[in-house]
Structure formats: structure tokens, C-alpha cells
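Below is one structure, written out as C-alpha cells, with a few remarks after it.
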Amino acid sequence: MSLLFSIALATIPALPEPVANNAVAKVVIDEQAYFLSFMGLSSGKAHTDVHNKVWVLKVGDKAWQAAKAVPSTLPLTGRLASTAVGVGKHAYVFGGYTVSADHQEISTPDVYRYDVLSNSYTQLANMPVPVDDSVALSYQQRYIYLVSGWHNDGNVNLVQVYDTHTDTWQQASPFLGQPVFGQAAAISGNTILVCDGVKTQANADKRRSFAAVAQCLKGTIDANNPLKIDWRTVPHPTGVAHYRMAATSFNGDIYMMGGSDNPYNYNGMGYDGKPAPASDHVWRFDVDKNTWHLMPKADTASMDHRGLLEHQGSLYRLGGMDNNQQVTADALGYKVKLSL
4 MSLLFSIALA TIPALPEPVA NNAVAKVVID EQAYFLSFMG LSSGKAHTDV HNKVWVLKVG
64 DKAWQAAKAV PSTLPLTGRL ASTAVGVGKH AYVFGGYTVS ADHQEISTPD VYRYDVLSNS
124 YTQLANMPVP VDDSVALSYQ QRYIYLVSGW HNDGNVNLVQ VYDTHTDTWQ QASPFLGQPV
184 FGQAAAISGN TILVCDGVKT QANADKRRSF AAVAQCLKGT IDANNPLKID WRTVPHPTGV
244 AHYRMAATSF NGDIYMMGGS DNPYNYNGMG YDGKPAPASD HVWRFDVDKN TWHLMPKADT
304 ASMDHRGLLE HQGSLYRLGG MDNNQQVTAD ALGYKVKLSL
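Residues in the sequence shown are numbered from 4 upward in steps of one, following this note's numbering.
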């Protein structure tokens, strides 16, 4: 008989203010977990609302604390679509893009290591090819993989690997799916799973346009060479692509949730001119069996995420946009039901 039980949901307070497209990370120091939110877009959703604010939550506390803003080597300090990941006691923050008054967007090369306890940043080696709307995945508590993403004027198929021990970059086996931005990805053991995102396409009588891609690829990192990845296609769980989902791994499985089935500009309006709806779906990928499971839906639909944080068996979306394209401060928890 299969018994289902829900792991208790910790109380995670709302962020101090609404923020979307914010990079999120979890670090654990002396068995104390911290949630972090870096940069993003505030509720006005204009270019002037792009910021570099940071909030830190000592999990168990009743409120987030404002922290030192993320530095910048570019004149504009606010960034959208950066990525972050916790490795050991530090969080690593990669890239993002700036938005100027005339709507020019520049992918920043910046990489920073954030120390929670000292509330300080260390600038690290720049990304060889600056990307935003990418994913950052940690492996062996040492390597961080940036898979595909947007570089200034188009998507790249690169898998850029940062070594936290040596502060150096190398290129791994290229991503074999269609190059995308706004994809979701997570890593379990040595298995990477990347799904969906947005591709660019050429047109005969107009400028390039954007289109969603329903694709999932599984990358297996070679046990002897972290730069060698065996990429293979995986059937898509629904056949409908979602943009800017939240993803993470837990208990050996990979979870993807939220996002929108209508790709959109940073203000939540679809590239097709229609408001983008938020999704409440939850997908679980069984890495060992190579199969998908459609999980009970989330209580609240959300989109415009950069990551999903797992803590004690629950999955948390921090900020984002709601179904009306409004920026939210909510911290939405999802209880994972496990089979015994």
C-alpha cells in the first residue's frame, strides 16, 4: 500500500515589497537556512522600476531584512533576469540585463559572490559570454553551470561552467536543444533537466520574433569530466511550453511549476499583445525512471520566476507576478506529497 504524507510547510513571510524576475537562492550556514532575493522589478513595471535591491530571510524569523544592494560595473545598477544559486555558505549571482530609458537592453557580464553573514560582495571573473534569462545549476558543491540564455541580441547554445574553487570559466558540451531564454532547469545528482523557454525566429517580411518552445532535454554530466555532458531529449509532460517557470530538485526528483504559456515582455504583456496568464501547474520528473508526473496544482498561480527554493520538503516561490500580471510580494509554499 502507498501511503501519502505531506511534509510540514514552514512559515515564510512575504517579501518587504513586491518584486518579480528576482534571482533567488538558499544557503545553509551552521545548519541555519537563509533565503535570498536579488534584484528584479518592482510594482510599477517600468524601466525605472528595475532595481538591485536585496533581501535576506533567516528562515524561522518573521521578517526579511534589507541587505546591501548588488554592485554593478555598468552605469545602470538595476537588473532583470539575473540568476543566483547557493553553494556552501555563499550565494553566487550572475548577470541579468539593464533597461535604459529608450528601452535598450544590455546583458551584464558581472558575477558576484555574496556572503550572508558579513553582508558583503566579492566580484568574480566575468562570464565569457554574458547571458541573462538563463539558469544557474550547482554540481558537486563546486561547479556552476549556466545553460543557454540570452546574450544582447540572441540566444546562445553555450553551457558555461564556473569553478568556484579557481574563479575560472570553461565551456562544457553545448546545449543541444533550441537555444532559449526564460527556460526552467534543475539538477539532481549529475542529471540536468532543462525545459521550455523562448526561441527567436526569422521572418520574411518583418523583424525577428519570439516563439515559445515546448522542449525538455536531460543532460548527464560525465563522472570523470564535468565539462562533458550527454544531452538527450525527454518527452514533454504536456506539449505546452511555459515561460519563466520555477524549478528545483527534491528527494532525487525535479519539480517545475508556474510560469506562463504566453511569452511576454518584462511588464507581463505577451509578445502577441495579449496579457500573459499565470499557471498553477506542478510537474515532477522522476530522474531514475525518466518519467513525468502531473502533481496536484498549486493553490495560487504565479509567473515571472527565476528559481524555486526547497526547504524541508516544501517548495517556495518568492515574488513574481500573479494571474493579472501584477507584481507580488508573496512567498508561496507548496507541500510535496511523498509516497511511502
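A virtual CB, placed ideally from N, CA and C, is assigned to each residue, including glycine.
**Message:** What would DSSP say about D166, mapped onto helix, strand or coil?
**Reply:** Collapsing the DSSP output to three states places D166 in a strand.
**Item:** Contiguous beta strand (DSSP E) assignments of at least 3 residues, all confined to the segment 68 to 108
**Value:** 68 to 70, 86 to 90, 93 to 97, 100 to 102
**Asked** Exposed or buried, what is G192 when buried is set at 16 or more other beta-carbons lying within 10 Å of its beta-carbon?
**Response** Taking all protein chains shown into account, G192 has fewer than 16 neighbouring C-beta atoms within 10 Å of its C-beta and is therefore exposed.
**Asked** Are the Cβ atoms of Y146 and V138 separated by less than 9 Å?
**Response** no
**Residue span of the beta strand (DSSP E) that contains L318, given as start and end** = 317 to 321
**Asked** Excluding sequence positions up to five away, which residues of its chain have a Cβ less than 6 Å from the Cβ of M298?
**Response** V285, R287
**Prompt:** Would DSSP call T51 helix, strand or coil?
**Reply:** helix
**Asked** Which of helix, strand or coil does DSSP assign to K65?
**Response** coil
**Item:** Closest by C-alpha distance to L44, when choosing among N122, D307, A334
**Value:** D307
**Asked** Nearest CA to the CA of S252: which residue from T294, D33, G316?
**Response** It is G316.
**Message:** Please state whether the Cβ-Cβ distance between G81 and D135 is less than 9 Å.
**Reply:** no
**Message:** Are the CB atoms of P133 and K65 within a distance shorter than 9 Å?
**Reply:** no
**Prompt:** Where V183 and D199 are concerned, what is the direct C-alpha to C-alpha distance, given to the nearest angstrom?
**Reply:** The straight-line gap from Cα to Cα measures roughly 8 Å.
**Message:** With a threshold of 6 Å on Cβ separation, who are the neighbours of P229 within its own chain once the five nearest residues in sequence on each side are excluded?
**Reply:** Only residues of its own chain outside the window of five on either side were considered, and among them Y146 have a CB closer than 6 Å to the CB of P229, listed in chain order.
**Message:** Measuring straight from C-alpha to C-alpha, what distance separates P177 and Q218?
**Reply:** 16 Å
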